[in-house]
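Heads up: the structure comes next, in structure tokens.
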Amino acid sequence: MSYKFSTDYESLYEKVNNGMEVAAFVDFTRPEIHDLICRDVCAIKKRKDWDISIGVRGYSYGGVYYNNEDGRGEKEQFIDECKRLNLKWIPECN
79 MSYKFSTDYE SLYEKVNNGM EVAAFVDFTR PEIHDLICRD VCAIKKRKDW
129 DISIGVRGYS YGGVYYNNED GRGEKEQFID ECKRLNLKWI PECN
């Protein structure tokens with residue numbers, strides 16, 4: 079089985095906005111190991127409006143949790159968060 083990864087965050091937003099839970103990978107740093115950048119699998123799920131979680135095993139890497147009234151909508155905040163995490167998601171398996 080092979081996986082194709084995507085950075086089409088608009089399509090990802092539509093999927094989670096329609097109730098899908100999507101598998102993805104995020105980057106994170108390990109400061110105690112000289113700022114080593116690591117990758118971890120995560121799940122993306124929308125729980126309710128302004129509550130989209132990006133995390134795994136009870137650990138949150140990020141997400142959209144509230145309207146911070148900066149003029150950006152939920153979708154724009156979600157896309158910015160995906161970019162910040164260098165998120166790559168799995169649109170389908172072959």
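If you count the sequence shown from 1, you need to add 78 to reach my numbering.
The beta-carbon is built from N, C-alpha and C at its ideal position, and this holds for glycine as well.
Computed from a predicted structure; not experimentally measured.
{"Item": "Report the three-state DSSP secondary structure of Asp129 (helix, strand or coil).", "Value": "strand"}
{"Item": "On the DSSP bridge list, what partners appear for Leu163?", "Value": "In DSSP, Leu163 forms no bridge with anything."}
{"Item": "Please check the pair Ala121 and Gly136, which I expect to be a contact at CB under 8 Å, by giving their CB distance rounded to whole angstroms.", "Value": "Contact flag wrong, Cβ pair sits at about 11 Å."}
{"Item": "Using alpha carbons as the reference points, say which of Leu90, Arg108, Phe83 lies closest to Glu159.", "Value": "Leu90"}
{"Item": "Determine the extent of the alpha helix (DSSP H) in which Ser89 is found, giving its start and end residues.", "Value": "87-95"}
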